[in-house]
Amino acid sequence: MTTETSGSGDVARSLELLWGTGERPSRGPKPGLTLDRIVAAAVEVADAEGLGAVSMRRLSTELGTGTMSLYRYVPGKAELLDLMLDRVSDPGPWDPPPPGETVDWREALDSLARGYLELYRAHSWLLKVNQARTVLGPSTLRSLEAALTGLRGMGLRDAELLSVIIATQSFVSGIARMEADSAEAIDQTGLGHEEFWKVQEPFLVRAMDSGEYPLMARLDDDTFSLEFDHFEFGLQRLKDGMEALVTARQKGSGDGERGEE
């Protein structure tokens, strides 16, 4: 469930802090305390205990300073969230190639998807943030720039390239959310995956024997096996679909819209 919304605070102040254009504390702050340290501490707490554990009071304890000292650097948690999102949005595995060096869009899409999965696994709290109106800071823009650079070879229109990025991120966040929800369910219930399904087994057996679910009853025994890699399967199908579109555009038999030359 969504617990926080990006861009819900003072957007102008968040942008000033992200781009370093705002006024800096001129008096009173604890020596060594910086905005960078505050954001880093917030990310560490969120990674370890979830976003709900992040508060100005908790951060003051982590940093060994008074709560009011933090407000000299950041107005509140809403603006802090904007800074946290940008902090973890570094391009990482999908850094753009050096100037003049070409890159295969298939490899770029693959790296993009794996980078997103790595990001969500490292910072699972991201899955509980509404990012429909993300405040765009330098790291976020570098990430988008890197993605566009890698995918430019597809020859699609700009809006379509953005849609490719959205489709990739949406697919990966779905897989990551499934993983995170599964781990959270185990923590909350104390029941492992096998134990959970063992409890349901007698009820499911009767349901399958009833004849009311013929397709379900004929499913292979390993249909719901944890050994099946849904990420790898889905990623390959995503690339196959994009390949078909790119090929059609190159042959001039697409959906009526040609890509940029």
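Each residue of the sequence shown is one higher than the one before, counting from 149 in the working numbering. Positions of the beta carbon are idealized from the N, C-alpha and C atoms, including for glycine. Just so it is clear, the structure is predicted and the values come from calculations on it, not from any experiment.
The DSSP-derived three-state label of Glu152 is strand. Secondary structure of Val347 (DSSP, three-state): helix.
Residue pairing by DSSP puts Val277 in a beta bridge opposite Glu152. In terms of Cβ geometry, Leu199 and Glu152 form a close pair [threshold 7 Å].
Taking 7 Å as the cut-off, the beta carbon of Ser287 is found closer than this to the beta carbon of Asp234. Excluding the 5 residues flanking it on each side, Ala194 has same chain C-beta neighbours closer than 8 Å at Ala201, Val202, Met232, His271, Trp273, in chain order. Under the DSSP assignment, Ser272 falls outside any alpha helix (DSSP H); it carries neither an H nor an E label.
By alpha-carbon distance to Glu197, the top candidate from Lys387, Ser156, Asp335 is Asp335.
Fewer than three beta-carbon pairs drawn from the region 305-315 and the region 182-191 are found closer than 8 Å, and the two stretches are therefore not classed as touching. Note that the region 382-389 touches the region 249-258; at least 3 beta-carbon pairs, one per stretch, sit closer than 8 Å. For Glu227, same chain residues with a beta-carbon under 8 Å away, outside a window of 5 residues either side, are Gly157, Asp158, Arg161, Ser162, Leu165 in chain order.
Between the alpha carbons of Ala355 and Tyr361 lies a gap of roughly 7 Å. If you look at Lys225, you'll find it in the alpha helix (DSSP H) that goes 225-235.
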